[in-house]
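**Q** Taken in order, these protein sequences are the chains called A and B.
Everything in the first sequence is counted per the working numbering, starting at 5 for the first residue and increasing by one.
Everything in the second sequence is counted per the working numbering, starting at 5 for the first residue and increasing by one.
Positions of the beta carbon are idealized from the N, C-alpha and C atoms, including for glycine.
2 protein chains.
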Amino acid sequence: MIKKALEKVMSEDMSEIWTVLNNEEKRRIIDAFVIHNFKKNQMIYAEGEEPEYLWCLLQGKVKKFKDGVGGRVQILRLIRSVQYFGYRAYFANERYNSSAAAFEPSTVGTLPMTLVKDMINNNRKLAWFFIHELSRNLGGSDTKIVNLTQKHIRGRLAEALIVLSDHYGFEDDNMTLKIYMAREDLANLSNMTTSNAIRTLSGFVAEKLITVDGRRIRILDEPQLRKISKYG
Amino acid sequence: MIKKALEKVMSEDMSEIWTVLNNEEKRRIIDAFVIHNFKKNQMIYAEGEEPEYLWCLLQGKVKKFKDGVGGRVQILRLIRSVQYFGYRAYFANERYNSSAAAFEPSTVGTLPMTLVKDMINNNRKLAWFFIHELSRNLGGSDTKIVNLTQKHIRGRLAEALIVLSDHYGFEDDNMTLKIYMAREDLANLSNMTTSNAIRTLSGFVAEKLITVDGRRIRILDEPQLRKISKYG
DNA sequence: TACCTTTTATGTTTTAAAACACAAAGTTAC
DNA sequence: GTAACTTTGTGTTTTAAAACATAAAAGGTA
């Protein structure tokens with residue numbers, strides 16, 4: 005298992021990052037890299053905790069979220085394999101500002117942030133990797149602020165569906181979203197109550213923009229969804 | 005003017021960053037550093053433009069904002085002297101995702117991002133400076149998402165007043181906010197209409213939490229404002 | 001299987017905030 | 001100094017979304 009996961013780490017998109025390491029550095033990573041498995045809905049870390057690890061999602065899907073006022077939850081970011089997460093707080097010298105949980109059974113690898121820090125110091129490319137990731141995430145976060153505060157319910161939900169399709173993609177039929185999430189999560193992603201997510205989703209079905217079968221969502225009219233996302 | 009500004013740059017909080025440069029590097033900075041002056045409400049850069057410079061606010065106050073749906077504006081971040089801004093888009097390889105404008109007459113210095121990039125490559129500490137800044141900003145942005153979407157109007161405005169006092173501080177009386185902004189800006193900062201900002205502000209005056217004299221806002225009961233910000 | 005819990009669905013009521021409308025102060029321009 | 005415009009202030013109406021209330025499915029489990 006560990007070997008397979010590491011192969012994956014060393015081969016896929018992160019290759020560009022870790023390949024610049026010399027053999028001794030690679031050995032340090034392999035020794036420190038620990039695999040964890042999380043069940044569906046299991047917490048990975050919680051807001052307020054001390055950040056110690058760089059997390060790398062190898063398999064499954066993960067949500068980053070923040071508990072807000074009166075039990076309401078906002079999903080901030082979605083993680084897919086293979087993506088890194090959980091490093092921001094360490095770099096900012098803060099405790100975790102949000103929580104992470106597995107959407108579905110997931111395999112995650114960890115590296116101590118102290119090690120990551122050392123490697124950044126010895127590896128310009130790794131520094132640039134994080135500067136780039138943080139910059140992209142910050143842009144996304146700023147855009148999200150405007151989308152969530154200014155768009156109406158239909159626009160927010162349409163946007164969420166588009167984001168889900170862009171991020172996790174489709175099944176082989178090229179229509180069915182690869183993520184199967186509860187209406188509540190869909191609501192938490194698009195800043196509305198669960199009943200409004202359900203209601204608005206039904207509306208989209210009636211308008212033949214999507215079909216719904218339990219948690220299986222099929223996108224029928226993406227251009228129109230994009231329009232609704234853009235103009236309300 | 006230029007000399008004075010540079011002295012400021014080299015002496016204050018950024019000293020930690022630029023002091024590690026050798027003489028040749030320092031010369032490159034001094035040669036490339038260009039001073040600009042902006043009038044009240046003048047645009048510094050606009051969303052969609054190509055980012056080319058690192059901006060350094062030397063004097064004045066600057067807002068970063070995003071134009072949203074139907075003419076609504078969201079203020080994303082406030083810049084004070086001496087702070088850097090406008091580098092995220094370049095690092096993310098994107099165009100500007102938000103605009104920047106001067107709140108009041110402001111002096112800004114620029115450095116070409118290509119130069120900044122070179123310097124990061126030769127200077128580990130500078131890389132860490134940006135990793136740290138981006139990480140802190142990202143945390144702030146995520147927190148803002150929850151604050152702006154979940155808090156009620158009173159909570160959002162109270163929060164904005166606290167943020168303004170924390171960020172720009174008070175006049176010598178230790179009560180009067182150092183920033184004098186239009187009600188419309190206050191509204192754009194806290195995601196509400198101008199009339200609601202005015203109305204809610206009047207409410208705070210009636211409750212003796214603040215006094216208002218034109219754009220001069222005096223904080224009388226900060227603990228209570230913090231409570232309102234926290235619990236609605 | 002039957003029982004219990006969670007999730008999905010839909011109708012109704014309530015409410016927070018936007019939209020609208022207008023008036024009074026303040027500013028700026030001429 | 002007066003006119004034109006902008007900003008501030010307040011009352012009223014409208015509306016989008018939350019809250020509430022059930023009920024039907026679906027899923028788990030004893």
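Whole angstroms is fine: what's the gap from A/Glu108's alpha carbon to A/Asn41's?
**A** Between A/Glu108 and A/Asn41, the C-alpha separation is close to 11 Å.
**Q** Find out if the Cβ-Cβ distance for the pair B/Ser139, A/Leu130 is shorter than 8 Å.
**A** Cβ atoms of B/Ser139 and A/Leu130: not closer than 8 Å.
**Q** With 8 Å as the threshold, decide whether the Cβ of B/Arg92 is near any Cβ in chain A.
**A** It does; some Cβ of chain A falls within 8 Å.
**Q** Is it buried or exposed for B/Ser199, if we count other Cβ within 10 angstroms and need 16 for buried?
**A** Classification of B/Ser199: exposed, given that the 10 Å Cβ count is below 16.
**Q** Mind listing the chain B neighbours of A/Gly143? Cutoff is C-beta to C-beta under 9 Å, in chain order.
**A** Chain B residues near A/Gly143: Arg92, Ala93, Ala96, Glu98, Asn101, Ser102.
**Q** Between which residues of its own chain and B/Gly52 is the CB-CB distance below 7 Å, once the five residues before and five after are set aside?
**A** Result list for B/Gly52: Arg99, Tyr100, in chain order.
**Q** Just the Cα atoms here: how many angstroms apart are A/Gly74 and A/Phe95?
**A** Cα to Cα, the separation comes out at about 30 Å.
**Q** Quick one: any contact between the segment 195–215 of chain A and the segment 172–187 of chain A, if contact means 3 or more CB pairs under 8 Å?
**A** The answer is yes - the segment 172–187 of chain A touches the segment 195–215 of chain A, with three or more Cβ pairs under 8 Å.
**Q** What are the partner residues of A/Asn41, as DSSP defines its beta bridges?
**A** DSSP, once it has assigned bridges, lists A/Thr111 as partnering A/Asn41.
**Q** Grouping DSSP H, G and I as helix and E and B as strand, with all else coil, what is B/Thr180?
**A** Three-state DSSP puts B/Thr180 in a strand.
**Q** Quick one: measure Cβ to Cβ for A/Ile232 and A/Arg128, integer angstroms, because I've assumed they're closer than 8 Å.
**A** Not really, about 44 Å apart at Cβ, beyond 8 Å.
**Q** Got a sec: which bits of the segment 133–158 of chain A sit with their beta carbon under 7 Å from any beta carbon on chain B, in order along the chain?
**A** The residues in question are Phe134, Ile135, His136, Leu138, Ser139, Arg140, Asn141, Leu142, Gly143, Ser145, Asp146, Thr147, Lys148, Ile149, Val150, Leu152, Thr153, Gln154, Lys155.
**Q** For B/Ser194, count neighbouring Cβ atoms within 10 angstroms of its own Cβ and tell me buried if that reaches 16, exposed if not.
**A** The residue in question, B/Ser194, is buried, as its Cβ has 16 or more Cβ neighbours within 10 Å.
**Q** Taking only runs of the beta strand (DSSP E) that begin and end inside the segment 51–76 of chain B, which ones reach a length of at least 3 residues, in chain order?
**A** Here the runs fully enclosed are 57–63, 65–71.
**Q** Looking only at its chain, what residues have a beta carbon closer than 7 Å to the beta carbon of B/Asn192, apart from the 5 residues adjacent to it on each side?
**A** Hits under 7 Å: Phe69, Val77, Gln78, Ile79.
**Q** Taking buried to mean at least 16 other C-beta atoms within 10 Å of its own C-beta, is B/Arg160 buried or exposed?
**A** That one is buried.
**Q** Roughly how far, in whole angstroms, is the beta-carbon of A/Ala50 from the beta-carbon of A/Pro116, given that I think they are within contact range, below 8 Å?
**A** Not confirmed; about 19 Å, so no contact.
**Q** When the Cα of B/Asp177 is compared with those of B/Ile223, B/Leu190, B/Ile135, B/Leu168, which residue comes out closest?
**A** Of the candidates B/Ile223, B/Leu190, B/Ile135, B/Leu168, the one whose C-alpha sits nearest the C-alpha of B/Asp177 is B/Ile223.
**Q** Which whole-angstrom value is the C-beta distance of A/Ala106 and A/Lys44, which I expect to be below 8 Å?
**A** So it is a contact: roughly 6 Å between Cβ atoms.
**Q** I'd like to know if B/Gln63 contacts chain A, where contact means its C-beta is closer than 8 Å to some C-beta of that chain.
**A** Output row for B/Gln63: interface = no.
**Q** What does B/Thr215 pair with, by DSSP beta-bridge criteria?
**A** B/Thr215 is bridged to B/Arg222.
**Q** Would you grab the beta carbon distance between B/Val66 and B/Ile48 for me? Rounded to a whole angstrom, and I think it's under 8 Å.
**A** B/Val66 to B/Ile48, Cβ: 7 Å. Contact.
**Q** So with CB distances below 7 Å, who are the chain B contacts of A/Gly72?
**A** Per Cβ cutoff of 7 Å: Val150, Gln154.
**Q** Mind checking the segment 193–220 of chain B against chain A and listing, in chain order, the residues whose C-beta falls within less than 8 Å of any C-beta there?
**A** Under the 8 Å Cβ criterion, the segment 193–220 of chain B contributes Asn195.
**Q** Taking C-alpha atoms, which residue in B/Met123, B/Ala104, B/Glu28 lies nearest to B/Pro55?
**A** Comparing Cα positions, the closest option is B/Ala104.
**Q** CB A/Asp71 to CB B/Ser145, shorter than 8 Å?
**A** Cβ atoms of A/Asp71 and B/Ser145: not closer than 8 Å.
**Q** Are A/Trp22 and A/Ile34 closer than 8 Å when you measure CB to CB?
**A** No, the Cβ-Cβ distance between A/Trp22 and A/Ile34 is not below 8 Å.
**Q** Just checking: is the beta-carbon of B/Leu80 within a distance shorter than 8 Å of some beta-carbon in chain A?
**A** Yes, contact with chain A.
**Q** Buried or exposed: B/Gly143, going by 16 or more other Cβ atoms within 10 Å of its Cβ?
**A** Label assigned to B/Gly143: buried.
**Q** Confirm, please, whether the CB-CB distance from A/Phe134 to B/Ile166 is below 8 Å.
**A** Going by C-beta atoms, B/Ile166 is not nearer than 8 Å to A/Phe134.
**Q** Taking C-alpha atoms, which residue in A/Thr118, A/Ile83, A/Trp132, A/Met123 lies nearest to B/Ile124?
**A** When only C-alpha atoms are compared, the closest one is A/Trp132.
**Q** On the three-state DSSP scale, how would you describe A/Ala105?
**A** In this structure, A/Ala105 counts as strand in the three-state DSSP scheme.
**Q** Between the C-alpha atoms of A/Asn26 and A/Asn126, what's the straight-line distance to the nearest angstrom?
**A** Approximately 10 Å between the Cα atoms of the pair.
**Q** Which residues in chain A have a C-beta closer than 8 Å to the C-beta of B/Asn125? List them in chain order.
**A** Correct list: Arg128.
**Q** Could you tell me the alpha carbon to alpha carbon distance between B/Leu82 and B/Leu61, rounded to whole angstroms?
**A** Answer to the nearest angstrom: the Cα atoms are 11 Å apart.
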